[in-house]
Each structure stands twice: as structure tokens, then as C-alpha cells.
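There are 2 protein chains.
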Amino acid sequence: MDYDLFEPGDIQLQNGATLRDAKLAYKTYGELNADKSNAIVYPTWYSGQHYDNEWLIGEGMALDPSRYFIVIPNMFGNGLSSSPSNTPPPHDGPRFPNVTMYDNVRVQHRLITERFGIERLELVTGWSMGAGQTYQWALSYPETVRRILPFCGSAKTSIHNIVFLEGVKAALTADAGWNNGWYREQPGVGLRAMARVYAGWGFCQQFYREKIYEREPLGYGSLEDFLVGFWEGLFVKRDANNLLAMLWTWQNADIGKTPGFGGVEEALAAIRAPAIVMPAQQDLYFPPEDNEWEVAHMANAELRTIPGSWGHFAGGGLNPVDTKFIDNALKELLARGV
Amino acid sequence: MDYDLFEPGDIQLQNGATLRDAKLAYKTYGELNADKSNAIVYPTWYSGQHYDNEWLIGEGMALDPSRYFIVIPNMFGNGLSSSPSNTPPPHDGPRFPNVTMYDNVRVQHRLITERFGIERLELVTGWSMGAGQTYQWALSYPETVRRILPFCGSAKTSIHNIVFLEGVKAALTADAGWNNGWYREQPGVGLRAMARVYAGWGFCQQFYREKIYEREPLGYGSLEDFLVGFWEGLFVKRDANNLLAMLWTWQNADIGKTPGFGGVEEALAAIRAPAIVMPAQQDLYFPPEDNEWEVAHMANAELRTIPGSWGHFAGGGLNPVDTKFIDNALKELLARGV
Numbered sequence: 466m467d468y469d470l471f472e473p474g475d476i477q478l479q480n481g482a483t484l485r486d487a488k489l490a491y492k493t494y495g496e497l498n499a500d501k502s503n504a505i506v507y508p509t510w511y512s513g514q515h516y517d518n519e520w521l522i523g524e525g526m527a528l529d530p531s532r533y534f535i536v537i538p539n540m541f542g543n544g545l546s547s548s549p550s551n552t553p554p555p556h557d558g559p560r561f562p563n564v565t566m567y568d569n570v571r572v573q574h575r576l577i578t579e580r581f582g583i584e585r586l587e588l589v590t591g592w593s594m595g596a597g598q599t600y601q602w603a604l605s606y607p608e609t610v611r612r613i614l615p616f617c618g619s620a621k622t623s624i625h626n627i628v629f630l631e632g633v634k635a636a637l638t639a640d641a642g643w644n645n646g647w648y649r650e651q652p653g654v655g656l657r658a659m660a661r662v663y664a665g666w667g668f669c670q671q672f673y674r675e676k677i678y679e680r681e682p683l684g685y686g687s688l689e690d691f692l693v694g695f696w697e698g699l700f701v702k703r704d705a706n707n708l709l710a711m712l713w714t715w716q717n718a719d720i721g722k723t724p725g726f727g728g729v730e731e732a733l734a735a736i737r738a739p740a741i742v743m744p745a746q747q748d749l750y751f752p753p754e755d756n757e758w759e760v761a762h763m764a765n766a767e768l769r770t771i772p773g774s775w776g777h778f779a780g781g782g783l784n785p786v787d788t789k790f791i792d793n794a795l796k797e798l799l800a801r802g803v
Numbered sequence: 466m467d468y469d470l471f472e473p474g475d476i477q478l479q480n481g482a483t484l485r486d487a488k489l490a491y492k493t494y495g496e497l498n499a500d501k502s503n504a505i506v507y508p509t510w511y512s513g514q515h516y517d518n519e520w521l522i523g524e525g526m527a528l529d530p531s532r533y534f535i536v537i538p539n540m541f542g543n544g545l546s547s548s549p550s551n552t553p554p555p556h557d558g559p560r561f562p563n564v565t566m567y568d569n570v571r572v573q574h575r576l577i578t579e580r581f582g583i584e585r586l587e588l589v590t591g592w593s594m595g596a597g598q599t600y601q602w603a604l605s606y607p608e609t610v611r612r613i614l615p616f617c618g619s620a621k622t623s624i625h626n627i628v629f630l631e632g633v634k635a636a637l638t639a640d641a642g643w644n645n646g647w648y649r650e651q652p653g654v655g656l657r658a659m660a661r662v663y664a665g666w667g668f669c670q671q672f673y674r675e676k677i678y679e680r681e682p683l684g685y686g687s688l689e690d691f692l693v694g695f696w697e698g699l700f701v702k703r704d705a706n707n708l709l710a711m712l713w714t715w716q717n718a719d720i721g722k723t724p725g726f727g728g729v730e731e732a733l734a735a736i737r738a739p740a741i742v743m744p745a746q747q748d749l750y751f752p753p754e755d756n757e758w759e760v761a762h763m764a765n766a767e768l769r770t771i772p773g774s775w776g777h778f779a780g781g782g783l784n785p786v787d788t789k790f791i792d793n794a795l796k797e798l799l800a801r802g803v
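Heads up: the sequence lines are chains A and B, in that order. Note that the numbering used here has the first sequence beginning at 466, numbered continuously upward. Note that the numbering used here has the second sequence beginning at 466, numbered continuously upward.
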């Protein structure tokens, strides 16, 4: 096991249930300095685990472990932190409780304060659902978070995004092997169907028009090779109930439901940390228009769009040009005095 | 039965199989005049039947039955023309042969020439896959077709569109009840899953952002009401093998494969009929960019985009504003001397 567990006990969840004997899996990179002033939190995305975030960390990059202490907390439901697949009965499988972004971030905050004694974070950043957690951090812990850079995500899941996820869910659960979550083997047909549904959304029209999947660094031999090798490969290694648990978290993401706030506008207005909000051009489920609306409601935020043809996966660490774009913005934001 | 059948016998198909005892269901509106100079062909779309095309026909509209003789041929696979669901063994169900756009249009041409003795068409027009058949008409029968107005469709199905359809297909066929097409009852779970996948594609981000589904003329009570009432309602009344047959036709649509042509560029360049090519703004699977590319390769074509927030379904006859926009363009095109 190359990661650690934080075990805060039972967690009262926002929606009324209890996450018993919660386990937050995390990994750290670099060293926390003496005055604990060099910490960064970088949450994970839908189906991703901390391994899948590491492309943005490295010597000479903004998230440089020789300079910063970077904490990647694994989202609940992702198979490493408490999830349907690793929770003992009776809360296992489809009985795993509904966990919100707010719940995730609350436990992450306990991790950094109780385990590490950190009171300030230089930065919170993340891709996709990781971006959603980033907004939540800035809202829930304004005294802690100095800067945020959410990329390819949103503060509240849009209706169209909810519909996209309905399609993903319907494809996965159309497999009778799913059996309402009481499967003995993974519902492989459903996982592969879900992957094929996702394929049209994760990358945009222009990505396919240019056959970028056939070029380096992807280099698949054909469209079918890409659908199987990349997309089915992404989901068949995951647990169906875990994917559905995270999907619930995603569909129900809304910082406006944070206790004390009366909706997303009010919540956005309460975010004071300097922010670069970074959508990707042609992202089909987190379109730049939604972030533009957000930024107009935020006090100290700039919209900066990743240009190009990769759509949502511009933020996935696969395209060096996009990675450079994100890294440059992170460097710039970290250099700002706040 | 409110429609007629044209029965041209056995049809040798482009892909090598034979459609035996073919039946082309069609309906006509208005009267063919004495010199047979007032005919219009208006093919159907994916899952649609001639009933579903009638919104664009009416007194005072461009497609005015008091003036024109309008023929709506039903696409093969749509349940009225020869389809998996109505073909006798051994060519029934999943053994129904693969039919191309080219095949469809060839039989439609026999209908109008052999049954009606029509040598010229004032116009061919259609939505979505109906647009695909429209391009094919102009290419296959340049001496017959005087004008075309394909809306929300393409001459060759784009790779991204193929991927979108892979998701639709995967969701439908993930239902074990589908049984490789040898079902005794419709695979209802799969049909509903397919509908939910489709929901995010058929209308665009802005449509959902504005909750247009809650307003007149749609007037659904909630998102879920719309997903069930509109989307599931659209597909649960159809036959799964029929939907898969038409999906094959769609995925493989390419006028560049017409005998005698060496690809889509060459085929587009051969279309000489005056054309208004009409995408819809924010159409997610027939994006305007693809039509822009087409028009640049066509001799006598204008790109005219339907503005607004309805995406692909701008061409579906549900929104009076969009219908007016299409109707106006049809009137203008029909008034042009050619």
C-alpha cells in the first residue's frame, strides 16, 4: 500500500445518514515545512484515484514536491477511501450512504488539521469532480484556503450534466448482472456500455474529427481500438457500486446547499480566495459558459479557458500542451501574494 | 392503414445482401399536377415515421399540399417500410440485411418514377437522417433533383456522431433481454436506457440550462417527467431490432461510397442542385462545423444556421420559432428559378 489512511470514526453526513468508521485514503508528496505554510490539497475526480492525479506533480512544475507539501485525498466511493466495495456489511454495496462534496471536503479538512496541524493551504486545485471539491473547499474553509484553481468542473452540477450522467447510469444499470447492486461479479456488459456512452462526452467533436486518438501521445490504431483500450479500460477495472456512488455525488453537487447558504449565487459570492477558473474549450459537460456565469458571481476570480480540441480531457493530463497550460496558470497563481 | 406500399420485388443492396420482396411504405399529400412538375420528396429520420414529418406540411407553408405533391417515403427499418419487425423469416429480426442511405434512395427513386412517372423533383428536404437521404438524392439523381434543403444532418456521418451512436447502441444492447436480437418481448430496460443516453444529445446544454422542457410547448413538470414522458416515450414504442437496423444505416452513411465516386469530397463537389444546408446552433451530433466544411466543397450551396437553444431538435418540429425559420428558407428556395 503506497498511501495512508485517515480514520476519523463515524461521520454524520449532510443527507442524514452516517458513514461509519470512515476511512479517507490519501497520499502526500514532498515535505511539510516547519511553519506548515507550504501545503496544497488536490482532490481526485470521477473514478480516479491518487495515482491518476500524479501527472500534475513534479520537479520544476507548479506542484513541485521539493517546494510544496501536496496532499491528494481520495474521494469517497473511489475504491480507496470508504466505498461500497470496501465497507463491511450492512453498509456495503448498494447500501453505502449518499456522500456529498460537502461531506468529502469536511473530512479532508479534518485530515489536514487533525493529522497535520495545517491551518492554511497555499492552494486547492482539481480536475472535474476535483474542481467541484475545490469550490467547496474555498466556501467551507475561507480562512484556510488562500487560492483555488478548479479546472473543467463546476460549483453546481448543471442540468445538462445531470442528464449526461443519467445516460451513463442507465447504460450501466441496464445490465441485468448489476442486479440492483447485489452482483457477485462485476456487471461487465454494463461497465463497457457505460464506457461507450462516456466516449462521446469525454472528448469533443473536434477531437474525433481530427482523429487525435490515432496520434501520439494516444496512438490507438483505430476508433474501435480507442473505445476498447481507452474507454472500456477506464471503467472495467472499477466497481459498479463505487461508480454509482460517485455518480450520485456528482449529480447532487451544489455548493449552494452548504449549511448557511441560500443557493449557488450566494455561495459563489462568498468565495473570496483569488481564483483562476479554468474550463476547457468544447468541454461537453462542463462547458465554459457555465464557468463564465460562475466567475461573474465570484469576487476575485478570473476565467481562463484551455484552448484546443481535447474537450473535457484537456484536464486529464494526457496532452502535454494542455498540461503545460494548466501548470503555467498554477505557477502564476501560486506566485501571487495574497 | 393511412399509407401506401410500393413493392419493387427483390433489391440488391449496396453491401451485397438482398432485400427480398421489399416494401416501401409512403404517404402522399396534395395532388400531382398534369405535367408532373410539382413533386417534393421528404424522407424520414431515425425512428420517425411519415406521421412524424407532417408538422412541416400545411396550408400556407412552403410544403403546401394545395400546391405541391409531397411524398414521404418511410426509411427502411422504421417499422412501416421493410424492417426487422415486419420481414418474414429467415430475414427477420437480427437477420435483416444492412441497408444504406444509397439503397433507401434508390428504391425511393423507383417509387417516384415507376409508380408516379415523375422525372423532376422541385425539392428534396429532410431532417437528420432525412437530411442524409437528401444529399444522397442530389448526388444519385442530379437530373431529377432541382433543389435540396437538408437540415440538421450530414452527407457523411462524422466519427464523433458514430461514437455517440455507439453509446446509444451499447445502452440498448446491455439489456440481456435483447438476447442478440432474438427477444420475444421488447428489451424495455435497454430501450429506456437508450432513451436516457439520447436525452443529453438531442437537446443541447443551453436547452437544459433554460429548462425549456418545462415551458410551452413542451410543458413537462420536471426533468424526470421530461426524461420519461418525452425520451422514454419516443423509444419504448419502437422495436429494438428496427432501431439497430436504422442505427447501422446512420453510422455507415457516406455519400462518398456511392458507386462511381471516390469519397465524400468528390461526391459533394458533384452536387449541383441549389442547396440551403441548415444546421442547428448547438446541435451536438450534427454540429454546424461539419456542414460548413460540406458547403465549402459544394458548388451551389449556402450555409444557414437555425439560431437558438434547441440543438438537434430545432429540426424536430416542436418549436414554432424554429419551424418558421425552416419554413421560410424552404419558401425562399422553392421560389428560386433553377
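Even for Gly, the Cβ is constructed at its ideal location relative to N, Cα and C.
Residue i: CB within 7 angstroms of a non-hydrogen atom of the ligand HEM
i        : result
Gly686/B : Because no ligand of any kind appears in the structure shown, any question about the ligand HEM cannot be addressed here.
Element boundaries [alpha helix (DSSP H), containing residue i]
i        : result
Thr483/B : Unbroken run through Thr483/B is the beta strand (DSSP E), 483–494; no alpha helix (DSSP H).
Leu521/B : No alpha helix (DSSP H) contains Leu521/B, which DSSP labels as neither H nor E.
Phe700/A : 698–701
Val572/B : 566–575
Val803/A : Run containing Val803/A: none; DSSP gives neither H nor E here.
Val662/B : 653–667
Asp690/B : 688–691
Asn706/B : 705–716
Gln514/B : Per DSSP, Gln514/B belongs to no alpha helix (DSSP H) and is neither H nor E.
Phe726/A : Element bounds for Phe726/A: n/a, residue is neither H nor E.
Arg585/B : Arg585/B -> no alpha helix (DSSP H), and no H or E assigned at all.
Phe541/B : Counting along the chain, Phe541/B falls outside any alpha helix (DSSP H), and DSSP gives it neither H nor E.
Arg674/A : 670–674
Alpha-carbon spacing of residue i relative to residue j, whole angstroms
i        : j        : result
Glu608/A : Arg585/A : 7 angstroms
Trp704/A : Ala800/A : According to the sequence shown, residue 704/A is Asp rather than Trp. For Asp704/A and Ala800/A, the distance between alpha carbons rounds to 40 angstroms.
Thr578/B : Val803/B : 21 angstroms
Pro682/A : Pro785/A : 9 angstroms
Asp475/B : Met540/B : 16 angstroms
Tyr511/A : Asn717/A : 13 angstroms
Gly513/A : Ser593/A : 10 angstroms
Leu545/B : Ala499/B : 29 angstroms
Val662/B : Leu688/B : 14 angstroms
Glu779/A : Asp792/A : Strictly speaking, residue 779/A in this sequence is Ala, with Glu absent from that position. For Ala779/A and Asp792/A, the distance between alpha carbons rounds to 12 angstroms.
Val742/A : Arg611/A : 14 angstroms
Arg580/B : Val572/B : 11 angstroms
His574/A : Asn645/A : 33 angstroms
Gly591/A : Leu656/A : 25 angstroms
Ile505/A : Tyr673/A : 35 angstroms
Lys492/A : Thr723/A : 27 angstroms
Gly725/A : Met566/A : 16 angstroms
Thr714/A : Leu576/B : 55 angstroms
Leu749/A : Met466/B : 43 angstroms
Asp557/A : Tyr648/A : 12 angstroms
Phe471/B : Ala482/B : 20 angstroms
Asp469/A : Lys634/A : 31 angstroms
Ala490/B : Ser547/B : 8 angstroms
Pro554/B : Gln671/A : 43 angstroms
Where the beta strand (DSSP E) through residue i begins and ends
i        : result
Gln477/B : 469–477
Ala504/B : 504–506
Gly534/B : A quick correction: the sequence has Phe, not Gly, at residue 534/B. Start and end: 534–538.
Presumed contact (8 angstroms Cβ cut-off) between residue i and residue j, rounded CB distance
i        : j        : result
Leu614/B : Leu768/B : Not a contact, Cβ separation roughly 12 angstroms.
Pro508/B : Gly595/B : 4 angstroms
Asn756/B : Gly542/B : Contact doesn't hold; Cβ gap of about 25 angstroms is too wide.
Ser531/A : Gly495/A : 7 angstroms
Pro744/B : Thr770/B : 5 angstroms
Lys621/B : Asp529/B : The Cβ separation is near 32 angstroms, so there is no contact.
Practice item. Pair every Cβ in the segment 640–654 of chain A with every Cβ in the segment 636–650 of chain B, then say whether three or more of these pairs are closer than 8 angstroms. Key: yes
Review point. Can you list, in chain order, the stretches of the alpha helix (DSSP H) that have 4 or more residues and sit fully within the segment 735–788 of chain B?
Key: 753–762
Review point. Are there three or more Cβ pairs, one per stretch, closer than 8 angstroms when the segment 512–531 of chain A is compared with the segment 673–680 of chain A?
Key: no
Practice item. Could you pull out every unbroken beta strand (DSSP E) segment of at least 3 residues lying fully inside the segment 592–640 of chain B, listed in chain order? Key: 613–616
Check your understanding: Three or more C-beta pairs closer than 8 angstroms, one from the segment 761–774 of chain A and one from the segment 730–744 of chain A: is that the case here?
Key -> yes
**Study point:** Stretch pair the segment 690–708 of chain A + the segment 651–668 of chain A: three plus CB contacts closer than 8 angstroms
**Key:** yes
Point to revise | Three or more C-beta pairs below 8 angstroms linking the segment 472–491 of chain A and the segment 557–569 of chain A | key: yes
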